[in-house]
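Asks: Here the protein sequences come in this chain order: Y and G. In terms of this note's numbering, the first sequence opens at residue 7 and continues consecutively. In terms of this note's numbering, the second sequence opens at residue 7 and continues consecutively. Input: one structure, supplied below.
There are 2 protein chains.
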Amino acid sequence: MPALSTDLYQLTMAAGYFESGMRQHATFELFVRSLPPWRSYLMAAGLEQALEYLTMLRFKRDEIEFLRAQPVFNHVSREFFDFLAELRFTGDVWAMPEGTVAFANEPLLRITAPIIEAQLVETFLLSTINFETLIATKASRVVSAAQGRSVIDFGTRRAHGSQAGMLAARAAYIGGCAGTSNVEAGHRFGVPIFGTLAHSFIMAFDAEEEAFRAFLKVYPDTATILVDTYDTIAAVKLLAQKFGAVVPAVRLDSGDVLHLSKQARKILDAAGMTKTRIFCSGDLDEHRIAKLVAGGAPIDSFGVGTQLATSYDAPALGGVYKLVSTTSGGRIKLSRAKATYPLPKQVWRHKGKDLICAADEARPGKDWQPLLRRVDLAAREPLSSMRDRAMAELKKLPPKLRALDSEPDYPVKFSKRLEHERRKLQERRARIG
Amino acid sequence: MPALSTDLYQLTMAAGYFESGMRQHATFELFVRSLPPWRSYLMAAGLEQALEYLTMLRFKRDEIEFLRAQPVFNHVSREFFDFLAELRFTGDVWAMPEGTVAFANEPLLRITAPIIEAQLVETFLLSTINFETLIATKASRVVSAAQGRSVIDFGTRRAHGSQAGMLAARAAYIGGCAGTSNVEAGHRFGVPIFGTLAHSFIMAFDAEEEAFRAFLKVYPDTATILVDTYDTIAAVKLLAQKFGAVVPAVRLDSGDVLHLSKQARKILDAAGMTKTRIFCSGDLDEHRIAKLVAGGAPIDSFGVGTQLATSYDAPALGGVYKLVSTTSGGRIKLSRAKATYPLPKQVWRHKGKDLICAADEARPGKDWQPLLRRVDLAAREPLSSMRDRAMAELKKLPPKLRALDSEPDYPVKFSKRLEHERRKLQERRARIG
């Protein structure tokens with residue numbers, strides 16, 4: 007994660023603050039203005055990568071030299087680049103733990119730091135938290151649709167590059183997937199890894215039976231035999247006749263899988279292969295899975311690729327990172343449809359409703375729970391506890407919000423104090439303007 | 007790029023080949039079965055990252071130990087892991103150079119190597135080439151819509167993580183963008199970098215005028231002043247009254263930018279600021295840009311974010327990587343709607359039509375040009391020459407194919423020889439089945 011993984015304007019602004027002698031502390035908040043299409047909640051994710059970035063942030067000598075050589079910095083002093091070389095992130099971070107259910111306008115992350123530090127980190131924080139939250143949210147929809155059948159992330163090959171594949175695997179696990187095919191996500195994060203075999207393995211042998219035998223020999227306990235390379239039902243019959251109950255699982259990857267899974271189940275059961283599981287993949291998403299489940303498809307688990315790893319039907323989360331206060335007080339932006347609320351905030355939740363308050367407001371009532379916690383930059387939470395949180399939070403959601411076609415109507419309000427402070431600033435700005 | 011950036015099944019298959027004594031050479035081809043929605047051509051990109059991966063591929067000790075500890079490999083021999091530790095990519099690569107216009111079914115990349123090597127690299131090659139080709143293609147649409155006005159990639163914050171932001175910037179440049187806001191893409195690849203300033207900079211000062219003055223002082227030649235933080239037209243008037251012709255550019259980021267750009271141009275011109283340029287950003291895509299251009303918006307350049315860096319309207323490219331031959335001859339897959347053609351291929355182009363032939367077929371005619379070239383794994387092409395190729399290739403396309411709403415109807419045929427070989431294999435397979 008190089009320090010240059012940022013937008014140039016963060017650096018031009020940093021130099022602008024520096025040359026203007028602006029060193030004050032500022033608070034920025036990361037939030038989503040409106041939920042993506044067809045989403046009625048968000049599942050927060052990506053905090054661990056954000057914290058890793060903040061703790062490791064430093065500009066190397068060659069990065070500084072690259073910047074100094076850019077014509078845009080012609081009028082910037084040597085002192086600014088010396089300052090950059092020494093820069094470390096020294097700020098405070100408050101955040102919703104990963105796996106927290108969140109809604110529009112709720113800060114997922116709040117940073118208070120000297121303004122240059124707080125500004126510089128915007129781009130990386132947005133790209134990481136936007137993406138992982140997007141995928142955890144999508145995963146939780148897909149997992150809901152599978153109603154208890156396990157879902158495996160198979161999306162790396164269609165993800166937006168190798169890092170996106172790995173982070174999608176991590177986020178999908180937080181969102182409720184049972185695991186991933188991405189080995190690096192297993193190695194780096196401990197996500198359970200799963201794999202079957204590809205058509206090329208079958209095709210590399212002269213006969214399908216040879217390929218099946220070779221694979222079953224090496225993976226007697228786990229082999230999931232791909233049966234659609236030439237003719238799905240013929241391959242299932244071949245397995246039943248030649249191999250029988252030792253086959254752990256078969257995989258359907260094309261065709262009318264509702265029909266094929268029922269046929270395959272009958273053939274397997276008739277051959278006494280009642281413990282041979284049926285795994286299904288191939289252009290699946292939450293809607294196709296819901297339809298297969300509703301149709302009674304005897305499928306034990308699903309592999310979901312492109313749709314999951316790119317959140318295909320809503321492939322970006324519009325998270326923003328906005329200045330809410332400086333040492334001189336609350337700050338707002340008035341741009342039409344993009345106006346913001348001032349002051350550092352806390353989000354409180356109680357019995358199916360949320361209240362966004364100023365961070366220094368008292369707890370709104372005895373049983374209200376705060377969602378943002380102060381983060382220890384050195385501590386890390388186990389992935390499994392994020393996933394457990396996500397499961398628990400989802401269960402607490404009003405059931406209609408978990409429906410695939412739910413409208414985003416969870417009640418989120420701003421406190422009177424925030425509404426008042428915002429009005430005050432709007433009026434002051436109107437007078438200045 | 008760790009060696010574990012792959013799907014587990016590549017490794018289970020590798021062990022399967024190894025334990026079955028399969029060491030033969032195999033050829034795989036990477037191609038797209040059908041163009042993504044609303045696309046009538048592809049712009050190939052991502053080869054450089056693919057080659058970097060192939061030349062650097064090696065399994066480290068801790069990666070090997072991680073794999074050995076996975077229960078799935080319980081029945082795999084120690085020899086396989088020793089083999090993995092020594093594995094290097096030794097194969098041949100043929101590819102379309104980056105910036106080549108390509109169509110469905112045309113191999114973008116062809117790998118011939120010992121089957122284990124060729125198999126293992128599938129996932130990384132797909133994730134990189136799928137993604138960069140997707141973005142270069144999207145960029146070329148956006149750039150076409152801008153009709154000569156420059157387009158800058160602003161998408162990192164909504165890209166699928168920091169690496170995706172950087173690779174999107176690279177691919178967007180190949181596809182015709184003038185540059186990017188992503189500093190690392192400038193540092194690593196030499197993509198021209200651009201930056202303006204954010205609302206937070208304006209908001210950090212008590213008055214807009216103060217912020218404008220501070221920024222213009224540090225960036226007298228390049229400052230692009232953001233004018234929509236509070237009231238766009240009021241801010242443009244303020245610039246005209248207090249600063250005048252020294253302002254290099256203004257940036258509109260919200261509201262009805264067609265109308266606002268015309269108003270802003272009038273105010274600027276009336277103040278003698280005829281050289282002050284107008285830059286526009288804010289939820290732009292190729293369709294909105296086309297509409298602004300058609301409406302006569304006096305906008306000099308565009309910043310495009312989310313839509314570009316995620317290819318929002320078609321956020322995945324369905325590239326596949328298929329075995330086409332082994333030492334024993336051509337290979338095909340028969341799965342419905344996913345059937346493939348056997349044998350290593352070459353793509354020939356002549357006067358607006360393409361012919362896909364077996365690699366060992368003669369040139370179809372005197373002026374036909376081959377699109378796949380043998381790659382020198384150690385050589386790298388300058389990014390600018392990929393971009394020049396893309397521009398030149400686009401110009402040669404039939405004009406109707408460059409329209410935003412074009413249908414994918416470029417003529418691509420398979421040679422008689424390939425049709426014949428495929429039929430032969432289908433018949434043989436039918437006899438075996």
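C-beta atoms are modelled at their ideal positions from N, C-alpha and C, and glycine is treated no differently. All values reported here derive from a predicted model rather than from experimental measurement.
Of all Cβ atoms in chain C, is any one closer than 8 Å to the Cβ of Ile122 of chain G?
Replies: As a matter of chain content, chain C is missing from the structure shown, whose protein chains are Y and G.
Asks: Would you call the CB atoms of Val256 of chain Y and Ile231 of chain Y closer than 8 Å?
Replies: Counting from 1 along the first sequence, the entry for residue 256 of chain Y is found at position 250. Counting from 1 along the first sequence, the entry for residue 231 of chain Y is found at position 225. Yes; because the gap between Cβ atoms is below 8 Å, this pair is in contact.
Asks: Please list, in chain order, all residues of the same chain as Asp259 of chain G whose beta carbon is under 7 Å from its beta carbon, the five residues on each side excluded.
Replies: Here residue 259 of chain G refers to the residue found at position 253 when the second sequence is read from its first residue. Same-chain partners within the cutoff: Leu232, Asp234, Ser287 and Gly288.
Asks: Do you know offhand how far Pro321 of chain G's Cα is from Tyr318 of chain Y's?
Replies: Against the second sequence, residue 321 of chain G aligns to sequence position 315. Against the first sequence, residue 318 of chain Y aligns to sequence position 312. Roughly 6 Å separates the two Cα atoms.
Asks: Following the continuous alpha helix (DSSP H) through Gln16 of chain Y, name the residue where it begins and the one where it ends.
Replies: Along the first sequence, one-based indexing puts residue 16 of chain Y at 10. Taken as a continuous stretch (DSSP letters only), the alpha helix (DSSP H) holding Gln16 of chain Y covers Leu14 to Glu25.
Asks: Put Gly439 of chain G into one of helix, strand or coil per three-state DSSP.
Replies: For the purposes of this step, residue 439 of chain G is identified with residue 433 of the second sequence, where counting begins at 1. Any reading at Gly439 of chain G must be qualified, since the residue scores a pLDDT of 49, below 50, and its modelled position is unreliable; no value is offered.
Asks: Which residues, in order along the region 78-112 of chain Y, keep a beta-carbon less than 8 Å from a beta-carbon of chain G?
Replies: Correct list: Val78, Asn80, His81 and Val82.
Asks: Does the CB of Tyr347 of chain G have a neighbour CB from chain Y at under 8 Å?
Replies: Within the second sequence, the letter at position 341 stands for residue 347 of chain G. Not closer than 8 Å to any Cβ of chain Y, the Cβ of Tyr347 of chain G fails to qualify, so no.
Asks: Does chain Y have any CB closer than 8 Å to the CB of Asp51 of chain G?
Replies: Position 45 of the second sequence holds residue 51 of chain G. In the sequence under discussion, the amino acid at residue 51 of chain G is Ala, which differs from the Asp named in the question. Not closer than 8 Å to any Cβ of chain Y, the Cβ of Ala51 of chain G fails to qualify, so no.
Asks: Which residues in chain G have a C-beta closer than 8 Å to the C-beta of Tyr179 of chain Y? List them in chain order.
Replies: Mapped onto the first sequence, residue 179 of chain Y falls at position 173. None at all; the shortest Cβ gap to chain G is about 14 Å.
Asks: Note down, in chain order, every chain Y residue with its Cβ under 7 Å from the Cβ of Val224 of chain G.
Replies: Within the second sequence, the letter at position 218 stands for residue 224 of chain G. Simply Ala21, Gly22, Glu25, His81 and Val82.
Asks: Are the beta-carbon atoms of Leu126 of chain G and Ser187 of chain Y separated by less than 8 Å?
Replies: For this step, residue 126 of chain G is matched to residue 120 along the second sequence. For this step, residue 187 of chain Y is matched to residue 181 along the first sequence. No, the Cβ-Cβ distance between Leu126 of chain G and Ser187 of chain Y is not below 8 Å.
Asks: How long is the line joining the alpha carbons of Phe160 of chain Y and Phe200 of chain Y, rounded to whole angstroms?
Replies: Position 154 of the first sequence, counted from the first residue, corresponds to residue 160 of chain Y. Position 194 of the first sequence, counted from the first residue, corresponds to residue 200 of chain Y. So the two alpha carbons sit approximately 9 Å from each other.
Asks: Anything in chain G within Cβ reach of Ala398 of chain Y, meaning under 7 Å, just list it in chain order.
Replies: For the purposes of this step, residue 398 of chain Y is identified with residue 392 of the first sequence, where counting begins at 1. Per Cβ cutoff of 7 Å: no residues; Ala398 of chain Y is ~27 Å from chain G at best.
Asks: Going along chain Y in order, which residues have a C-beta closer than 9 Å to the C-beta of Arg116 of chain G?
Replies: Position 110 of the second sequence holds residue 116 of chain G. Within chain Y, no residue comes near Arg116 of chain G; the closest Cβ sits about 14 Å away, beyond 9 Å.
Asks: So Ile70 of chain Y packs on Ala91 of chain Y, CB below 8 Å; how close in whole Å?
Replies: In the first sequence, residue 70 of chain Y corresponds to position 64, counting from 1. In the first sequence, residue 91 of chain Y corresponds to position 85, counting from 1. So it is a contact: roughly 5 Å between Cβ atoms.
Asks: Could one say the Cβ of Thr139 of chain Y lies closer than 8 Å to chain G's Cβ atoms, at least one of them?
Replies: Taking the first residue of the first sequence as 1, we reach residue 139 of chain Y at position 133. By this cut-off, Thr139 of chain Y is not an interface position.
Asks: Whole angstroms are fine: how far does the CA of Leu63 of chain Y sit from the CA of Met392 of chain G?
Replies: Walking along the second sequence from the start, residue 392 of chain G turns up at place 386. Walking along the first sequence from the start, residue 63 of chain Y turns up at place 57. Going from the Cα of Met392 of chain G to the Cα of Leu63 of chain Y covers about 33 Å.
Asks: Take the Cβ of Gly181 of chain Y as the centre, count every other Cβ of all protein chains shown within 10 Å, and call the residue buried at 16 or more, exposed below.
Replies: Taking the first sequence and counting its residues from 1, one reaches residue 181 of chain Y at position 175. It counts as buried.
Asks: Here's a check: name, in chain order, each residue in its chain whose Cβ is nearer than 6 Å to the Cβ of Ser46 of chain G, leaving out the five neighbours to either side.
Replies: Locating residue 46 of chain G in the second sequence gives position 40, where the first residue counts as 1. Same-chain partners within the cutoff: Leu407, Ser412 and Pro414.
Asks: Of all the CB atoms in chain G, is at least one closer than 8 Å to the CB of Glu425 of chain Y?
Replies: Working through the first sequence from its first residue, we reach residue 425 of chain Y at position 419. So no, Glu425 of chain Y is outside the interface.
Asks: Helix, strand or coil for Glu35 of chain Y, going by three-state DSSP, please let me know.
Replies: In the first sequence, counting from the first residue as 1, residue 35 of chain Y sits at position 29. Strand, per DSSP.
Asks: If you draw a straight line from the C-alpha of Ala276 of chain G to the C-alpha of Ile239 of chain G, how long is it?
Replies: Sequence index remark: in the second sequence, residue 276 of chain G carries index 270 (1-based). Sequence index remark: in the second sequence, residue 239 of chain G carries index 233 (1-based). Cα-Cα distance, rounded: 14 Å.
Asks: Can you find the residues in the same chain that come closer than 7 Å, C-beta to C-beta, to Ala145 of chain Y, ignoring five residues on each side of it along the sequence?
Replies: Position 139 of the first sequence, counted from the start, is the residue given in the question as residue 145 of chain Y. Cβ within range, chain order: Ala177, Ala178, Gly181, Gly182, Cys183 and Leu314.
Asks: Kindly provide the ranges of any alpha helix (DSSP H) runs that are 4 or more residues long and lie completely inside the region 268-352 of chain G, ordered along the chain.
Replies: Complete alpha helix (DSSP H) runs here, min 4: 292-300 and 312-315.
Asks: Hey, does His193 of chain G have any beta-carbon neighbour from chain Y nearer than 8 Å?
Replies: Here the question's residue 193 of chain G lines up with position 187 in the second sequence. Interface residue, yes.
Asks: Is the region 147-166 of chain Y in contact with the region 82-90 of chain Y, if contact means three or more CB pairs nearer than 8 Å?
Replies: Too few Cβ pairs lie closer than 8 Å, so no.
Asks: Hey, does Gly324 of chain G have any beta-carbon neighbour from chain Y nearer than 8 Å?
Replies: The count along the second sequence starts at 1 and reaches residue 324 of chain G at position 318. Yes, contact with chain Y.
Asks: Residues of chain Y with CB closer than 7 Å to the CB of Gly167 of chain G, please, in chain order.
Replies: Position 161 of the second sequence, counted from the start, is the residue given in the question as residue 167 of chain G. Under the 7 Å cutoff, chain Y gives Ser133, Thr134, Phe137, Gln169, Ala170 and Leu173.
Asks: I need the boundaries of the alpha helix (DSSP H) containing Pro405 of chain G, first residue and last residue.
Replies: Taking the first residue of the second sequence as 1, we reach residue 405 of chain G at position 399. Segment Pro405 to Arg408, the alpha helix (DSSP H) holding Pro405 of chain G.
Asks: How is Val381 of chain G classed by DSSP in three states: helix, strand or coil?
Replies: The residue given as residue 381 of chain G occupies position 375 in the second sequence. DSSP places Val381 of chain G in coil when its eight states are reduced to three.
Asks: Mapping the DSSP letters down to three states, classify Gln169 of chain Y as helix, strand or coil.
Replies: Here residue 169 of chain Y refers to the residue found at position 163 when the first sequence is read from its first residue. Helix at Gln169 of chain Y.
Asks: What ranges does the alpha helix (DSSP H) occupy inside the region 225-257 of chain G, keeping only unbroken runs of at least 4 residues that lie completely in it?
Replies: Counting whole runs of 4 or more residues, the region 225-257 of chain G contains the alpha helix (DSSP H) stretches 238-248.
Asks: Does the beta-carbon of Asn80 of chain G have 16 or more other beta-carbons within 10 angstroms, so that it is buried, or is it exposed?
Replies: Translated into positions along the second sequence, residue 80 of chain G becomes position 74. Its Cβ having fewer than 16 others within 10 Å, Asn80 of chain G is exposed.
Asks: For the region 260-281 of chain G, enumerate the residues whose C-beta is nearer than 8 Å to any C-beta of chain Y, in chain order.
Replies: The region 260-281 of chain G vs chain Y, Cβ under 8 Å: Ser260 and Gly261.
Asks: Look at the alpha carbon of Lys422 of chain Y and the alpha carbon of Glu399 of chain Y, and state the distance between them as a whole number of angstroms.
Replies: On the first sequence, position 416 is the one that residue 422 of chain Y refers to. On the first sequence, position 393 is the one that residue 399 of chain Y refers to. Distance between the alpha carbons of Lys422 of chain Y and Glu399 of chain Y: 27 Å.
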